[in-house]
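Participant: According to numbering that gives the first Met the number 0, the sequence shown is numbered sequentially starting from 0.
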Amino acid sequence: MDILYFAWVRERIGEPREVVETSATTVNELVQELAAREERYALAFSDLTALRVALDQELSDFDAPLEGVREVAFFPPMTGG
Numbered sequence: 000m001d002i003l004y005f006a007w008v009r010e011r012i013g014e015p016r017e018v019v020e021t022s023a024t025t026v027n028e029l030v031q032e033l034a035a036r037e038e039r040y041a042l043a044f045s046d047l048t049a050l051r052v053a054l055d056q057e058l059s060d061f062d063a064p065l066e067g068v069r070e071v072a073f074f075p076p077m078t079g080g
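Pasting the structure below:
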C-alpha cells in the first residue's frame, strides 16, 4: 500500500511517501502500526485531531476500512481564503 505524507506530517516523518505491507483493517490500525515503528512516526501521529486522511484520493475517516485501498494520504486540515 502506498502511504503519502504532506506538509508538517512529511517533515516530521522525513519521507514524502513509502510503500508498506500492513495487516491493518482500518486507518486507525494503520496509524497504530506506523506510530509503533519509530519516534518520528509516533510524533507525527500523536494528535489525530490535527490530521486528515484520504483513501485513494477521497477524504475519509480514521475508522474507515482499508480493504481494497491502494493509497493512503495523511495531511493537516486545509484552510480556505
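The beta carbon of each residue, even a glycine, is placed where N, CA and C say it ideally should be. Every value quoted in this text rests on a predicted model; they were computed, and no experiment measured them.
How long is the line joining the alpha carbons of N27 and M0, rounded to whole angstroms?
Facilitator: 15 Å
Participant: In terms of DSSP beta bridges, what is V128 paired with?
Facilitator: Given a span of 0 to 80 for the chain in the structure shown, any question on residue 128 remains unanswerable.
Participant: Please report the residue range of the alpha helix (DSSP H) in which E28 lies.
Facilitator: That run of the alpha helix (DSSP H) goes V26 to A34.
Participant: Between the alpha carbons of D55 and S22, how many angstroms are there, rounded?
Facilitator: 18 Å
Participant: If I follow the unbroken beta strand (DSSP E) through E17, where does it start and stop?
Facilitator: R16 to V18
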